[in-house]
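Chains as they are written, first to last, in our numbering: chain F, 1 to 280; chain U, 1 to 221. The beta carbon of each residue, even a glycine, is placed where N, CA and C say it ideally should be. Single-structure report; data block below.
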Amino acid sequence: MALNKDSNGYVLGFSIAMVLVVGTVLAVVATALKGPIEENKKNEKKQYILAAAQVKGADPSSMITRSEAQELFEEIVVQRMLLDGSGNVIPGTVKSGPVDTKDTSDCFNMDINKAFKKFNKAWKATSGLDNEAKILEQQAIKSVQQYPLYVLNVEGHTKYVMPCAGVGLWDAIWGYVCLDSDGKSICGAVFDHKAETAGLGSEIAEDWFEDQFLEDQGKSIDKAGAYSPIVVVKPGSQELDAQSVDGISGGTFTSAGVDEMLKRALEVYYVGIPKLNELK
Amino acid sequence: MSEVAEKEPLFSKKNKQLISDPLNENNPVTIQVLGICSALAVTVQLKNAFVMSLSVMAVLIAGNLLVSLLRNLIPGRIRIIVQLVVVASLVIIVDQVLKAFVYDVSKQLSVFVGLIITNCIIMGRLEAFALGNKPWPSILDGVGNGLGYGLVLVIVAFFKELFGSGKLMGIEIFGSMADGTGLYQFGYENNGLMLLPPSSLVIVGIYIWIQKTRSPQLIEH
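Spelled out as structure tokens, the structure:
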């Protein structure tokens with residue numbers, strides 16, 4: 001061949017052609033698959049909300065499937081709303097029926113992980129302040145947060161499902177916790193993570209961990225009439241009570257992340273759900 | 001080498017060796033010590049090890065094929081960059097396809113799909129084999145090295161899951177620790193160290209020891 005493969009012109013031409021081809025292929029693939037991927041993510045959210053409330057599909061021994069959740073969601077989730085930092089319903093955010101994906105005031109469309117990232121950044125920025133200013137600033141940050149709440153009607157019983165988001169060892173962790181109509185007893189939870197270590201931190205998404213939040217385990221966020229967060233303890237280190245669950249051996253940071261996100265999120269709902277019940 | 005390959009049958013002795021060599025005497029993990037990072041991290045559960053091996057093999061075969069087809073066009077000076085682009089694009093496509101059509105599998109693999117890009121075996125095979133060989137042998141080389149990698153991963157994961165969590169493929173082998181049945185009622189406990197990456201090093205070390213004892217010609221002097 002007459003082509004000199006080592007000439008600058010050839011190298012430059014090859015690089016440009018390669019970038020163009022690869023760029024086009026990736027763009028085409030990404031655009032073509034965007035629809036199904038978004039749909040999967042949306043249905044997974046519905047799946048988790050229903051699974052947290054222990055709604056079962058055709059196979060009662062495992063989690064409700066994504067397609068079943070898609071069908072049952074509108075029927076079981078009777079209301080969706082956003083609460084502010086003091087647990088009051090934000091006006092105009094109470095929705096029911098089909099989800100309009102373009103409606104930004106619908107809590108279903110809120111990306112809880114993005115919201116947490118923003119919150120975490122603002123929160124960390126307060127670390128340089130002195131004590132008094134720090135407390136004021138942190139209160140201000142907390143009060144502008146929005147907290148999604150799903151009201152479910154499971155076989156005639158009212159149940160509340162709330163998402164929570166936090167950070168594990170590597171990346172985001174999140175979950176959906178179900179509270180009974182009294183707003184205190186926990187009757188289910190589902191957790192998931194973006195990148196926790198398989199077999200260690202990733203265990204938070206396993207049945208044995210989630211089953212600790214089932215109704216028959218008697219966990220509650222209320223202790224003698226006051227808010228008492230659920231604590232994730234070192235496994236085997238102590239007798240478990242109504243406010244503690246076993247953590248993960250070898251997954252200490254992930255366990256601490258779950259502990260922190262539950263503590264922060266459930267506090268608002270502990271105040272908010274009784275207010276909601278009073279309105280009824 | 002091209003004039004010989006022209007008349008070769010598809011599975012000639014030489015081509016068969018491309019598959020069998022990486023399983024033992026030229027194993028990418030235990031002999032070439034490549035791809036150790038994922039062998040340490042993705043071996044806590046047997047199931048993950050299987051899926052990871054399959055994904056690596058898929059990328060390895062496709063990457064080998066593409067680079068082999070392009071081998072006469074790729075300028076030598078930027079060949080590493082070209083290989084990297086090929087591997088990275090393949091991994092992104094695999095990731096997107098998994099997310100769109102087998103969402104559950106993609107969730108299980110999570111970060112590890114992305115990490116395939118940095119798996120040294122893939123770059124190693126593209127550079128050492130695909131760049132200088134025809135497409136068919138390159139595909140076989142991909143299959144062989146993928147199997148060799150998978151073999152070590154699965155063996156390591158077998159011991160780690162068995163002694164670390166008392167399970168295999170998620171099924172309890174030694175009885176239930178929570179209920180205190182099976183071996184656990186005699187005071188047996190799972191070894192927490194087996195869940196952590198250092199234990200993989202020990203297992204890979206023992207593997208190499210056994211392998212080199214059985215095939216003394218592999219010992220370097």
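Rounded distance between the beta-carbons of residue j and residue i, thought under 8 Å
i	j	result
Ala49(U)	Val202(U)	Not confirmed; about 17 Å, so no contact.
Ala62(U)	Leu90(U)	5 Å
Ala133(F)	Asp171(F)	Not quite, the Cβ-Cβ distance comes to about 31 Å (not below 8 Å), so this is no contact.
Ser138(U)	Asn64(U)	4 Å
Tyr147(F)	Val245(F)	In fact, because the Cβ distance is near 22 Å, the residues do not count as touching under 8 Å.
Gly175(F)	Cys164(F)	6 Å
Gln145(F)	Gly85(F)	5 Å
Ser220(F)	Lys184(F)	5 Å
Thr43(U)	Lys160(U)	5 Å
Phe108(F)	Val99(F)	5 Å
Gly175(U)	Leu183(U)	6 Å
DSSP beta-bridge partners of residue i
i	result
Val154(F)	His157(F)
Lys167(U)	Glu172(U)
Cys164(F)	Gly175(F)
Ile186(F)	Leu179(F)
Val232(F)	Val245(F)
Met81(F)	Leu149(F)
Ala130(U)	Looking at the DSSP assignment, Ala130(U) forms no beta bridge with any residue, so it has no partner.
Ser220(F)	Ser185(F)
Asp192(F)	Trp174(F)
Tyr227(F)	Asp222(F)
Val89(F)	Leu83(F)
Lys95(F)	Arg80(F)
Selected residue, minimal CA-CA separation from residue i, among the options
i	options	result
Met18(F)	Val67(U), Leu10(U), Tyr188(U) and Glu25(U)	Val67(U)
Thr30(U)	Met57(U), Asn145(U), Phe174(U) and Ile80(U)	Asn145(U)
Val21(F)	Lys47(U), Val86(U), Val42(U) and Ile173(U)	Val86(U)
Leu50(F)	Val89(F), Ala69(F) and Phe191(F)	Ala69(F)
Ile122(U)	Gly170(U), Ala88(U), Ile92(U) and Gly132(U)	Ala88(U)
Thr194(U)	Ala41(U), Asn15(U), Glu25(U) and Ile19(U)	Looking at the sequence provided, one finds Met at residue 194(U) rather than Thr. When only C-alpha atoms are compared, the closest one is Ala41(U).
Asn191(U)	Ser249(F), Ser181(F) and Asn43(F)	Ser249(F)
Leu218(U)	Gln96(U), Glu189(U), Asp21(U) and Gly182(U)	Asp21(U)
Asp192(F)	Gln47(F), Ala30(F), Ala27(F) and Ser185(F)	Gln47(F)
Gly218(F)	Trp208(F), Met63(F), Asp180(F) and Leu200(F)	Asp180(F)
Asp216(F)	Pro229(F), Ala242(F), Pro235(F) and Thr197(F)	Ala242(F)
Leu266(F)	Glu239(F), Pro36(F) and Val177(F)	Val177(F)
Ala189(F)	Gln79(F), Ile204(F), Val11(F) and Asp6(F)	Ile204(F)
Gln96(U)	Asn40(F), Pro235(F), Met162(F) and Ala53(F)	Asn40(F)
Interface flag, residue i vs chain U, CB-CB below 8 Å
i	result
Phe73(F)	no
Ile37(F)	yes
Ala30(F)	yes
Ala198(F)	yes
Val177(F)	no
Leu20(F)	no
Val190(F)	no
Val161(F)	no
Leu26(F)	yes
Leu33(F)	yes
CB contact below 8 Å: residue i versus chain F
i	result
Lys212(U)	no
Val202(U)	no
Ala39(U)	no
Ala100(U)	yes
Tyr103(U)	yes
Ile155(U)	no
Ser2(U)	Residue confidence for Ser2(U) is low, a pLDDT of 44 falling below 50, so the modelled location carries little weight; the figure read from the coordinates is stated next. Closer than 8 Å: no.
Val97(U)	yes
Val113(U)	no
Ala5(U)	Because the pLDDT at Ala5(U) is just 45, under 50, the model does not fix this residue reliably, and the value given afterwards should be weighed accordingly. No, because no Cβ of chain F sits closer than 8 Å to the Cβ of Ala5(U).
Ile171(U)	no
Ile117(U)	no
Ser68(U)	no
Ser89(U)	yes
Ile93(U)	yes
Residue i beta carbon near the ligand GTP (any heavy atom closer than 7 Å)
i	result
Gly166(U)	As for the ligand GTP, it is missing from this structure, which has no ligand bound.
Interface residues of chain A facing residue i [CB-CB closer than 8 Å]
i	result
Ser176(U)	The structure shown contains no chain A; its protein chains are F and U.
Practice task
Return the residues of the region 71-87 of chain U that lie within a Cβ-Cβ distance of less than 9 Å from chain F, sorted by chain order.
Solution key: Going along the region 71-87 of chain U in chain order, one finds Asn72, Leu73, Ile74, Pro75, Gly76, Arg77, Ile78, Ile81, Val82, Val85 and Val86 with a Cβ nearer than 9 Å to chain F.
Exercise for the section: Output, in sequence order along the chain, the residues in the region 4-18 of chain F whose CB is closer than 8 Å to any CB in chain U. Expected result: Of all residues in the region 4-18 of chain F, Lys5, Asp6, Tyr10, Val11, Phe14, Ser15 and Met18 have a Cβ within less than 8 Å of some Cβ in chain U.
Handout entry: Under 7 Å (Cβ pairs) to chain U, residues found in the region 66-98 of chain F
Key = If the cut-off is 7 Å between Cβ atoms, the region 66-98 of chain F has nothing near chain U.
Problem - Short-range partners of chain F found in the region 181-203 of chain U, where Cβ spacing is below 7 Å - result: Taking a C-beta cut-off of 7 Å against chain F, the contacting residues of the region 181-203 of chain U are Gly192, Leu195 and Leu196, listed in chain order.
Handout entry: Positions along the region 234-253 of chain F whose CB lies within less than 8 Å of some CB in chain U
Key = Those residues of the region 234-253 of chain F that come within reach of chain U (Cβ to Cβ, closer than 8 Å) are Ser249 and Gly250.
Practice task
Please name the residues in the region 36-66 of chain U whose beta-carbon is closer than 8 Å to at least one beta-carbon of chain F, in chain order.
Solution key: Residues passing the 8 Å Cβ filter: Ala41, Val42, Val44, Gln45 and Asn48.
Practice task
Would you list, in chain order, the members of the region 38-58 of chain F that have their beta-carbon closer than 8 Å to a beta-carbon of chain U?
Solution key: Against chain U - using a Cβ distance shorter than 8 Å - the residues of the region 38-58 of chain F are Asn40 and Glu44.
Exercise for the section: Could you name the residues of the region 256-270 of chain F whose beta carbon sits closer than 9 Å to any beta carbon of chain U, in the order they occur along the chain? Expected result: Along the region 256-270 of chain F, there is no position whose C-beta sits under 9 Å from a C-beta of chain U.
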